[in-house]
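Some notes on the structure that comes next.
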Amino acid sequence: DGGITQSPKYLFRKEGQNVTLSCEQNLNHDAMYWYRQDPGQGLRLIYYSQIVNDFQKGDIAEGYSVSREKKESFPLTVTSAQKNPTAFYLCASSIHGESTEAFFGQGTRLTVV
Amino acid sequence: AQKITQTQPGMFVQEKEAVTLDCTYDTSDQSYGLFWYKQPSSGEMIFLIYQGSYDEQNATEGRYSLNFQKARKSANLVISASQLGDSAMYFCVDATGGGNKLTFGTGTQLKVEL
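Spelled out as structure tokens, the structure:
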């Protein structure tokens, strides 16, 4: 089955630690995205990538880093520089260059303890 | 920059009634797309319906239809015959033409009551 997979579903991290969230898709989509969602709010774009080995900062990129070494994978690292990392993180993918639907993963809920 | 405005933070509707969720957008692009997504309490985003800026007819998908008024820059979602399972957060989303960078509205929490 084609789709987009995020892991883990729940993640706990101690303050000061970096943590990497996984996002894999087998839809052959060029574009991939990371969003952050805080309780009762909409999604805010962290980073996006339209092609392998290229990515752009979104609206709230500070304290985050990404890589796009493979078309299928777009991992997000939440660094210790991110002052308030506790949130729900959603990864998405879509066909680049066309206004078609984006497919979302199930999300990762990150909690800093 | 694209901007999506959803002015209804919460809505209530009775089962089997129709409900309209409002969305206005602000773009200078000639080519754009507008989506509606549903987010149940479990967290996943579910695609509902899409409207392209050049589509002449309003989009429909089952019980979902989009009331697209280009001159007013509005793209309201209409859900007919509401069901309890429709209770969720609904997001209006803009996709800029050619770039596919999605801009989300703040969402409307819909609660369907018996």
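So the protein lines, in turn, are chains A and B. Using our numbering, the letters of the first sequence map in sequence onto residues 25 to 137. Using our numbering, the letters of the second sequence map in sequence onto residues 198 to 311. Where a beta carbon is used, it is the ideal one built from N, C-alpha and C, also for glycine. Remember, predicted model here, so these are calculated numbers, not experimental data.
**OP:** Check the Cβ-Cβ distances between Y234 (chain B) and every residue of chain A, and say whether any is below 9 Å.
**Re:** yes
Subject >> Short-range partners of chain B found in the region 61–77 of chain A, where Cβ spacing is below 9 Å >> reply: Q61, G64, Q65, G66, L67, R68, L69, Y72, Q74
**OP:** Would you verify that the beta carbon of E125 (chain A) is, or is not, closer than 9 Å to some beta carbon of chain B?
**Re:** yes
Original post:
Residues in its own chain within less than 7 Å of G304 (chain B) by CB, not counting five upstream and five downstream?
Top reply: Q203, M286, Y287, F288
**OP:** Measure the beta-carbon distance from L307 (chain B) to M242 (chain B) and round it to whole angstroms, keeping in mind my assumption that it falls under 8 Å.
**Re:** Actually they are not in contact, since the Cβ atoms of L307 (chain B) and M242 (chain B) sit about 15 Å apart, beyond 8 Å.
**OP:** Determine the burial state of T135 (chain A): buried for a count of at least 16 other Cβ atoms within 10 Å of its Cβ, exposed for fewer.
**Re:** exposed
Original post:
Are at least three pairs of beta-carbons, each pair with one atom in the region 42–62 of chain A and one in the region 89–108 of chain A, less than 8 Å apart?
Top reply: yes
Subject >> G249 (chain B) in three-state terms, based on DSSP >> reply: strand
Original post:
Would a check of beta-carbon distances place F265 (chain B) closer than 9 Å to chain A?
Top reply: no
**OP:** Please check if any C-beta of chain B sits within less than 9 Å of the C-beta of G26 (chain A).
**Re:** no
Original post:
Does the region 255–270 of chain B come close enough to the region 70–80 of chain A to have 3 or more Cβ pairs within less than 8 Å?
Top reply: no
Original post:
Who are the Cβ neighbours of R68 (chain A) in its own chain at under 6 Å, not counting the five residues just before and after it?
Top reply: Within the same chain, R68 (chain A) has close Cβ partners R60, D83, I84.
Subject >> is_contact[L299 (chain B), chain A] using C-beta, thresh 9 Å >> reply: yes
**OP:** At 7 Å on the CB atoms, spell out the chain A contacts of E253 (chain B), in chain order.
**Re:** Result: empty, since nearest Cβ-Cβ is about 16 Å, beyond 7 Å.
Original post:
Should L231 (chain B) go down as buried or exposed, given a rule of 16 or more other Cβ atoms within 10 Å for buried?
Top reply: Buried.
Original post:
Skipping 5 residues on each side, what residues in its chain have a beta carbon closer than 6 Å to that of K213 (chain B)?
Top reply: Excluding the 5 residues flanking it on each side, K213 (chain B) has same chain C-beta neighbours closer than 6 Å at A278, in chain order.
Original post:
Between F36 (chain A) and I28 (chain A), what straight-line distance do the alpha-carbon atoms span, to the nearest angstrom?
Top reply: 22 Å
Original post:
My guess is that K118 (chain A) and F127 (chain A) are in contact by the Cβ rule of under 8 Å, so how many angstroms apart are they, rounded?
Top reply: The sequence shown places Ser at residue 118 (chain A), rather than the Lys named in the question. By a beta-carbon distance limit of 8 Å, S118 (chain A) contacts F127 (chain A). Their separation comes to about 7 Å.
**OP:** Name, please, each residue of chain B whose Cβ falls closer than 7 Å to the Cβ of L114 (chain A).
**Re:** Near L114 (chain A) (Cβ distances below 7 Å), the residues of chain B are M242.
Subject >> Cross-chain neighbours of Q130 (chain A) in chain B, by beta carbon under 7 Å >> reply: Per Cβ cutoff of 7 Å: G240, E241.
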